[in-house]
Amino acid sequence: NAGVTQTPKFQVLKTGQSMTLQCAQDMNHEYMSWYRQDPGMGLRLIHYSVGAGITDQGEVPNGYNVSRSTTEDFPLRLLSAAPSQTSVYFCASSYSAGGGYTFGSGTRLTVV
Amino acid sequence: SQQGEEDPQALSIQEGENATMNCSYKTSINNLQWYRQNSGRGLVHLILIRSNEREKHSGRLRVTLDTSKKSSSLLITASRAADTASYFCATDAADTGRRALTFGSGTRLQVQP
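Here the protein sequences line up with chains H and Z, keeping their order. No gaps in the numbering here: position 69 of the first sequence is 87 in the numbering used here, and each next residue is one more. No gaps in the numbering here: position 76 of the second sequence is 1257 in the numbering used here, and each next residue is one more.
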């Protein structure tokens, strides 16, 4: 049972490039979320999903897109990378909105 | 803005001592959760307390919740060096329509052996 798998673990992008951060879970969880964590700060919610085909914005959605075509996968797309998007990105999933979440190990993204 | 704010931001104690971290939040909640994050790793769920509960225990962890003050505390008893980590509270808000957790800024705990 792998839990929540995030790929890649590390990525360096140039300003203006686009990329997709992958997140997959094998626990049949309906609820999935993307967070970013900046140094010395807590996690800020980017986007979340309450099931396949249903997504919504969090606190800091600008510059990011998501889609949820299957229960298992919840990719995060950076449309045109900016240095302000340098951060560690975490994906998490849960069986319910208010349940305990299982987190992936994160993707460390640097935009130069 | 962060829903939960932890206090203190950093805490250093000796092994065997108790560690207490506090969390304040702003909106009505369905539940409040605590997570641990070891350096460079993902977050791990520790404990969940519902809005109609006042206290909950799990091993060396004790969580209290005061909904009238919109605050919670996490007590780690008989701390160990392995407890060194950052601890975050997270709330499942009841009145925002958002179906995801909102996290605080965290407390960095250092347990000296």
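Even glycine gets a Cβ: it sits at the ideal position worked out from N, Cα and C.
Starting from residue i, follow the beta strand (DSSP E) in both directions and report where the run begins and ends.
i	result
residue 1293 of chain Z	1288–1293
residue 1202 of chain Z	1200–1206
residue 1219 of chain Z	Neither: residue 1219 of chain Z is in no beta strand (DSSP E) and is coded neither H nor E.
residue 47 of chain H	Residue 47 of chain H -> no beta strand (DSSP E), and no H or E assigned at all.
residue 1244 of chain Z	1242–1247
residue 42 of chain H	37–43
residue 1253 of chain Z	1252–1257
residue 66 of chain H	61–69
Counting only beta-carbon separations shorter than 8 Å, does residue i have a partner in chain H?
i	result
residue 1183 of chain Z	Unreliable positioning characterises residue 1183 of chain Z in this predicted model, as indicated by a pLDDT of 44, which lies under 50. The coordinate reading is nonetheless provided below. Chain H contact via Cβ: present.
residue 1223 of chain Z	yes
What is the DSSP secondary structure of residue i, counted as helix, strand or coil?
i	result
residue 1262 of chain Z	helix
residue 102 of chain H	helix
residue 78 of chain H	coil
residue 1197 of chain Z	coil
residue 1269 of chain Z	strand
8 Å is my cut-off, CB to CB: does residue i come that close to chain Z?
i	result
residue 85 of chain H	no
residue 60 of chain H	yes
residue 113 of chain H	no
residue 49 of chain H	yes
residue 71 of chain H	no
residue 129 of chain H	no
On a CA-only basis, which of the options is nearest residue i? Give me that one, please.
i	options	result
residue 1187 of chain Z	Z:1201, Z:1293, Z:1223	Z:1201
residue 1276 of chain Z	Z:1290, Z:1197, Z:1232, Z:1195	Z:1232
residue 39 of chain H	H:129, H:125, H:81	H:125
residue 61 of chain H	Z:1272, Z:1291, Z:1237	Z:1272
residue 59 of chain H	Z:1219, Z:1194, Z:1294, Z:1288	Z:1288
How many whole angstroms separate the CB atoms of residue i and residue j, which I take to be in contact at a CB cut-off of 8 Å?
i	j	result
residue 120 of chain H	residue 45 of chain H	7 Å
residue 96 of chain H	residue 84 of chain H	Between residue 84 of chain H and residue 96 of chain H the Cβ distance is about 11 Å, and since that is not below 8 Å, they are no contact.
residue 1210 of chain Z	residue 1274 of chain Z	6 Å
Name, please, each residue of chain B whose Cβ falls closer than 8 Å to the Cβ of residue i.
i	result
residue 66 of chain H	Among the protein chains of the structure shown, namely H and Z, there is no chain B.
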